[in-house]
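Heads up: the sequence shown begins at 1 in UniProt numbering, then just goes up one per residue. No residue lacks a Cβ here, since even glycine has one placed at the ideal position from N, Cα and C.
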Amino acid sequence: MFVDIPLRVISWQIIDLPCKRMVIGAATICKSLVIFRHCLQHFSTLPLVSSSQTLEQAVKAAVESKDYKQISELLISSKEPCQNPNPFSFLSTFSQSRRIQIIDDILQSFIPLRPRSRPKIAYACLLSYTLQSPRPLPLALAIIQRTLRSGCVPAPQMHLFLSSVWMNHRCQSRSVSDILLEMQSIGYHPDCGTCNYLISSLCAVDQHAEAVKVLKGMGRAGCIPDLESYGTVIGAMSTIRRTADAVEMMKEMVAKVGLMPRQGTIVKVAAALRANRETWKAVELIEFLDREGCPVGFESYEAVVDGCLERREYILAAKVVMGMTKKGFIPYIRVRQKVVEGLASVGEEKLACIVRQRFVELRS
């Protein structure tokens, strides 16, 4: 009736329990032991790090035995900090080519794991180690690619490390496409996800000019910029109010690349133009997007109209408002009143009547 279970496994369950809880029915004991046996079968499959073995030594042993899938479980089950010291630090004793081969084997072994995010800690440790190694690229980009494809996102501090590494490489007068294409030398290919993460990293540390260069160099590396590529750069430029560059990038993505900007991106540019009091540029941008067939949302129109009213450009405000109504958007009553009253105040009573009539037609 009884299963032989090592005392070290069950002692934590029974130590210091009152005697009356130990004297229970035989049926209950049998049921509990069956549950224990099931738990033992589950935990026996997990790699454990003994007290005399450090996490780094355990990972090294897994590498030496080429049991790479075990590495993910080691890092998940370990209570040791995974960054200090980094469990992959022992790789520094290998040659560069051997180190790349090992890390590639580890990355490939993680692909069939489910859920895909299971090696998240391992990816983070590998990326941290690689970015701080003597020759981080292109291997770091390959790790980022595998991390993103697993549905995970590198830790925020990796933006700083990656940007620093990238700028150091660029200081050697190497082109964006050349650095990206180096990934092919280790069996990987640059893609939009990896490039977009690089762009966001550069923008996060205010390297906007370099981010633009990466965006423009992506095509030569075989990956065409997408909405995320342009949106990240335009959004970053809008945040620091570099409106001329933001508008230029938006026009490029629409007219040359044929991409429709997201509503959030348009709103950011419109808000930046309003903050800079660049009323005419804002109206011109909205008109450009309309001509190109890009949908412009209510929030973007609202930002442009508010900018016109703040600058007392009532005729421009009326022009934008009429454009809104053609799209089925009805301005807030506060805006409607300000536009009509503003037109009347500058002697544009006729235009004010036309605008008011338009609101009546819309039953507003």
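Just to confirm, are L131 and V153 a CB contact at a threshold of 8 angstroms? Here residue 131 refers to the residue found at position 131 of the sequence shown. Here residue 153 refers to the residue found at position 153 of the sequence shown. No, the Cβ-Cβ distance between L131 and V153 is not below 8 angstroms.
May I ask which residues mark the beginning and end of the alpha helix (DSSP H) holding C77? Translated into positions along the sequence shown, residue 77 becomes position 77. A quick correction: the sequence has Ser, not Cys, at residue 77. Element bounds for S77: 69-77.
Excluding the 5 residues flanking I35 on each side, which residues of the same chain have their C-beta closer than 7 angstroms to its C-beta? Against the sequence shown, residue 35 aligns to sequence position 35. Reliability of the predicted coordinates at I35 is poor, the pLDDT of 41 falling under 50, and no value is obtained from them.
Counting pairs of beta carbons, one from the region 196-214 and one from the region 230-249, are three or more of them closer than 8 angstroms? yes
Runs of 4 residues minimum, wholly inside the region 208-264: which ones carry the alpha helix (DSSP H) assignment? 208-217, 227-239, 243-255
Have a look at H189 and F298 and give me their C-alpha separation to the nearest angstrom. Taking the sequence shown and counting its residues from 1, the one referred to as residue 189 is at position 189. Taking the sequence shown and counting its residues from 1, the one referred to as residue 298 is at position 298. Approximately 40 angstroms between the Cα atoms of the pair.
Three-state secondary structure assigned by DSSP to N168: The residue labelled residue 168 in the question sits at position 168 within the sequence shown. Three-state DSSP puts N168 in a helix.
Quick one: give me the first and last residue of the alpha helix (DSSP H) that V321 is part of. Mapped onto the sequence shown, residue 321 falls at position 321. Element bounds for V321: 314-326.
Which residues mark the beginning and the end of the alpha helix (DSSP H) in which R146 is found? Translated into positions along the sequence shown, residue 146 becomes position 146. Start and end: 139-149.
Thinking C-beta only, is V335 closer than 8 angstroms to V304? Start at 1 with the first residue of the sequence shown, and residue 304 comes out as number 304. Start at 1 with the first residue of the sequence shown, and residue 335 comes out as number 335. Cβ distance not < 8 angstroms, so V304 and V335 don't count as in contact.
Helix, strand or coil, according to DSSP, for Q41 in the structure here? On the sequence shown, position 41 is the one that residue 41 refers to. Low confidence applies to Q41: its pLDDT is 41, below 50, so where it sits in the model is not reliable, and the reading given next is rough at best. Three-state DSSP puts Q41 in a helix.
Just tell me which of A142, R174, S238, A255 has its CA closest to the CA of G217. As a position in the sequence shown, residue 217 is number 217, starting the count at 1. Nearest of A142, R174, S238, A255 to G217, Cα basis: R174.
Can you tell me whether N196 is helix, strand or coil according to DSSP? Within the sequence shown, residue 196 is the residue found at index 196, counting from 1. The answer is helix: DSSP assigns N196 an H, G or I state.
Go ahead and pull the three-state DSSP assignment for E361. In the sequence shown, counting from the first residue as 1, residue 361 sits at position 361. It is helical.
Using C-beta distances below 8 angstroms, list every residue in its chain close to A122, excluding the 5 sequence neighbours before and after it, in chain order. Start at 1 with the first residue of the sequence shown, and residue 122 comes out as number 122. Contacts found: I71, S72, L75, I106, F110.
Coarse secondary structure for K66, derived from DSSP in three states: Here residue 66 is taken as the residue at index 66 of the sequence shown, counted from 1. In this structure, K66 counts as coil in the three-state DSSP scheme.
Cα-Cα separation between M260 and E248, rounded to whole angstroms: Here the question's residue 260 lines up with position 260 in the sequence shown. Here the question's residue 248 lines up with position 248 in the sequence shown. The alpha-carbon atoms of M260 and E248 are separated by roughly 14 angstroms.
Compute the minimum distance between the beta carbon of L113 and the heavy atoms of the ligand HEM, and state whether it is under 7 angstroms. The model depicted lacks the ligand HEM and carries no ligand whatsoever.
Whole-angstrom distance between Y301 and E252, CA atom to CA atom: Your numbering for residue 252 matches position 252 in the sequence shown. Your numbering for residue 301 matches position 301 in the sequence shown. Roughly 21 angstroms between the two C-alpha positions.
Where in the region 269-310 do unbroken runs of the beta strand (DSSP E), each at least 3 residues long, occur, reported from the N-terminal end onward? none
Rounding to the nearest angstrom, what Cα-Cα distance links I240 and P87 in this structure? Working through the sequence shown from its first residue, we reach residue 240 at position 240. Working through the sequence shown from its first residue, we reach residue 87 at position 87. So the two alpha carbons sit approximately 39 angstroms from each other.
Please check the pair G187 and L148, which I expect to be a contact at CB under 8 angstroms, by giving their CB distance rounded to whole angstroms. Indexing the sequence shown from 1 puts residue 187 at position 187. Indexing the sequence shown from 1 puts residue 148 at position 148. Not really, about 17 angstroms apart at Cβ, beyond 8 angstroms.
So, helix, strand or coil for L113, using DSSP? Position 113 of the sequence shown, counted from the start, is the residue given in the question as residue 113. L113 falls in the coil class under three-state DSSP.
Taking the alpha helix (DSSP H) that L181 belongs to, which residues open and close that run? For the purposes of this step, residue 181 is identified with residue 181 of the sequence shown, where counting begins at 1. Its alpha helix (DSSP H) spans residues 176-181.
Cβ contact check for the region 272-280 and the region 290-297: 3 or more pairs under 8 angstroms: no
Closest to L180 by CA distance: which of G151, A209, G222, C171 is it? Position 180 of the sequence shown, counted from the start, is the residue given in the question as residue 180. Nearest option by C-alpha distance: G222.
Beta-carbon spacing of M183, A142 below 8 angstroms: Numbered from 1 along the sequence shown, position 183 holds the residue referred to as residue 183. Numbered from 1 along the sequence shown, position 142 holds the residue referred to as residue 142. Taking 8 angstroms as the Cβ cut-off, M183 and A142 qualify as a contacting pair.
Given S312 as reference, the closest of M324, K69, E278 once Cα atoms are compared: Walking along the sequence shown from the start, residue 312 turns up at place 312. Contrary to the premise, residue 312 reads as Arg rather than Ser in this sequence. R312 has its Cα closest to that of E278, out of M324, K69, E278.
For Y129, does the three-state DSSP call read helix, strand or coil? In the sequence shown, the residue the question calls residue 129 occupies position 129. Y129 falls in the helix class under three-state DSSP.
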